[in-house]
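Reading through the structure tokens given below for one structure.
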Amino acid sequence: MARNPQRAIIVLTAGTAGRIDRDNVLYLDKPIKTDEMMDAIDWANDISHSRVRRKPYFDRVQISEFAREIAKPNKPEVPLPEIKAVDTPQSPAVLKTPADFKVNEQEKLINLDEQHKKAKYSSAITIEEPDFNDFFGVLPEINLNDIHERHLAAYDPKKYYQGYVQFAYKSAGEKTQILQLSSSVWNTLVVLPHSHEIWLDTNDDVLREKACVWLDLGTMSITPIDKEITQSMGNLEKIQDMNAFLWKLALWTSKGRYPKAIEVDRPIYLQQWPDLTRYIITPHALRIAAFLVSRGPETMINVATVLAIELRYVYIFVSAAHALGLAAQAKRQMDALIQVTLPVIPPARKGILSRIINKLRGE
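Counted the way the numbering used here counts, the sequence shown spans residues 287 to 649.
What follows is the structure, encoded as structure tokens:
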């Protein structure tokens with residue numbers, strides 16, 4: 287097996303000729319459909335991380351033989367001997383229509399238990415600017431777009447549900463143990479570190495209302511999972527991806543603010559590109575991520591100025607990225623480190639080299 291995972295390749299095409307059948311090559315037919323593009327990106331992510339994953343149903347290379355069969359012109363029927371079909375457990379049913387083939391391939395993508403985790407595999411939601419206030423809420427006491435009020439736009443996640451969820455994630459990961467976050471005023475959340483999932487018996491509407499409510503430390507507890515909660519976890523629709531859950535929780539807690547751990551007047555950077563195929567996409571999130579990845583460390587105010595967007599859009603994106611450990615404050619020590627690692631030739635050695643070169647030239 288190769289030490290490094292193979293790179294996944296997504297090919298956009300309008301024709302069927304010249305296609306190759308490779309495990310790491312996936313074809314998308316134009317015009318591109320949103321759900322097919324999302325499936326293709328998920329497939330590419332799994333392949334690039336060496337995870338076993340079947341190609342999505344729409345890859346025409348997989349169904350090329352089937353497509354050629356149904357496209358053949360009708361020929362005069364030749365009488366054939368009568369053959370009686372015998373169904374056996376080992377004989378799969380013959381696919382008779384493209385629809386049957388599509389359904390069959392979709393079912394092969396994930397096992398039966400995974401198919402019931404609808405919240406985990408739901409597509410990302412894109413929030414446009416006109417819908418921002420309705421979806422995330424507003425803070426009338428603060429003008430988040432006013433640079434002069436920038437120091438008032440910070441919030442402390444530790445005082446909200448977000449902080450307790452992050453601590454529960456950390457504890458479960460360090461102990462590699464299933465833990466539950468319980469509260470007298472909130473539903474129990476179960477952290478499943480091995481599968482990188484959480485279980486929570488509530489919906490997003492309730493979560494959005496509770497996210498920005500201050501919580502008292504005495505009302506929260508993190509303990510091993512008890513039998514009563516284990517029995518209620520049969521509903522797999524309540525299972526969500528850990529990062530996707532924390533991302534949206536940070537967005538609703540932020541409401542357009544930035545985390546207190548970030549100094550607003552100092553540059554920040556993005557360690558890696560967020561998996562926006564499964565996250566809520568805030569206004570200009572793609573532009574902000576591209577700017578920080580390509581341009582390097584920059585202050586949130588300068589990002590908003592260069593992109594000509596509202597400052598709160600940068601704040602809320604940084605809040606979610608920081609909750610997942612993707613965004614961090616740039617350190618001034620890094621500049622000194624880079625300068626130290628540059629090769630330095632002492633003046634005396636440069637003189638010796640110059641004399642040798644002059645000697646070889648006969649000067």
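For glycine and all other residues, C-beta sits at the position ideal for the given N, C-alpha and C.
The model shown is predicted, which means the values in this text are computed figures rather than measured ones.
Taking C-beta atoms as the reference points, Ala616 and Arg573 fail to come closer than 8 Å. Within the region 293-354, complete beta strand (DSSP E) segments of at least 3 residues are found at 295-299 and 311-315, given in chain order.
Here the alpha carbons of Ser580 and Val477 stand approximately 34 Å from one another. DSSP places Pro416 within a helical segment (H, G or I) once states are collapsed to three. Annotation for Tyr555: the continuous beta strand (DSSP E) segment containing it runs Ile554 to Leu556.
Given a length threshold of 4 residues, each whole run of the alpha helix (DSSP H) inside the region 423-472 is given here in chain order: 447-461.
In the structure shown, the three-state DSSP call for Ala594 is coil. Sequence-distant partners of Leu612 (beyond 5 residues in either direction) whose C-beta falls short of 7 Å from its own C-beta, in its chain, are Leu556, Gln557, Gln558 and Pro560. Spanning the alpha carbons of Cys498 and Thr539 requires a straight line of approximately 5 Å.
With a minimum length of 4 residues, the unbroken runs of alpha helix (DSSP H) contained wholly in the region 492-521 fall at 513-518.
Check the Cα spacing between Ser336 and each of Asn310, Arg598, Ile515 and Tyr450: the tightest is with Asn310.
Closest by C-alpha distance to Val604, out of Lys444, Met323, Leu522 and Leu578, is Leu578.
The region 463-474 and the region 421-439 do not touch, with fewer than 3 CB-CB distances between them shorter than 8 Å. By the C-beta criterion, the region 409-424 is judged to be in contact with the region 533-549, since at least 3 inter-stretch pairs fall below 8 Å.
In chain order, Pro560, Tyr565, Ile566, Ala606, Ala609 and Leu610 place their CB closer than 8 Å to the CB of Trp533, counting only its own chain and leaving out the 5 sequence neighbours on each side. Lys496 sits away from Tyr450, with the two beta carbons spaced by 8 Å or more. Comparing C-alpha distances from Asp490 to each of Lys341, Thr516 and Lys524 shows the shortest one belongs to Lys524. Within the same chain, and ignoring the five residues on either side of Ile296 in sequence, the residues whose Cβ sits closer than 7 Å to its Cβ are Leu312, Leu314, Ala326 and Ala330. Shown here, Trp559 sits in coil according to DSSP, grouped into three states, outside any helix or strand.
Between Thr505 and Ser470 the beta-carbon gap is near 5 Å, inside 8 Å, which marks them as a contact. Thr299 sits exposed, since fewer than 16 C-beta atoms from the chains shown fall within 10 Å of its C-beta. Within its own chain, the residues whose Cβ lies closer than 6 Å to the Cβ of His570, once the five positions on either side in sequence are excluded, are Ile595 and Tyr599, listed in chain order.
Shortest Cα-Cα distance from Thr462 to any of Ala536, Ile511, Ile411 and Ala614 involves Ile511. Around the CB of Trp500, fewer than 16 other CB atoms lie within 10 Å, so the residue is classed as exposed.
Counted as a single uninterrupted DSSP element, the beta strand (DSSP E) harbouring Val477 occupies residues Leu475 to Leu478.
Counting every other CB atom within 10 Å of its CB across the protein chains shown gives Pro416 a total below 16, marking it as exposed. Counting every other CB atom within 10 Å of its CB across the protein chains shown gives Val589 a total of 16 or more, marking it as buried. With fewer than 16 neighbouring CB atoms inside 10 Å of its own CB, Ile411 falls in the exposed class.
Under the DSSP assignment, Leu486 falls in the beta strand (DSSP E) whose first and last residues are Glu483 to Leu486.
Beta-bridge analysis with DSSP links Pro545 to Tyr441.
Distance between Asp442 and Glu549, taken at the CA atoms: about 12 Å. Collapsing the DSSP output to three states places Ala530 in a helix.
If you draw a straight line from the Cα of Met324 to the Cα of Lys513, it comes to about 37 Å.
Beta-bridge partners of Glu523 (DSSP): none assigned. Rounded to the nearest whole angstrom, the CA to CA distance from Asp321 to Lys341 is 14 Å. Annotated three-state conformation of Ala576 is helix, per DSSP.
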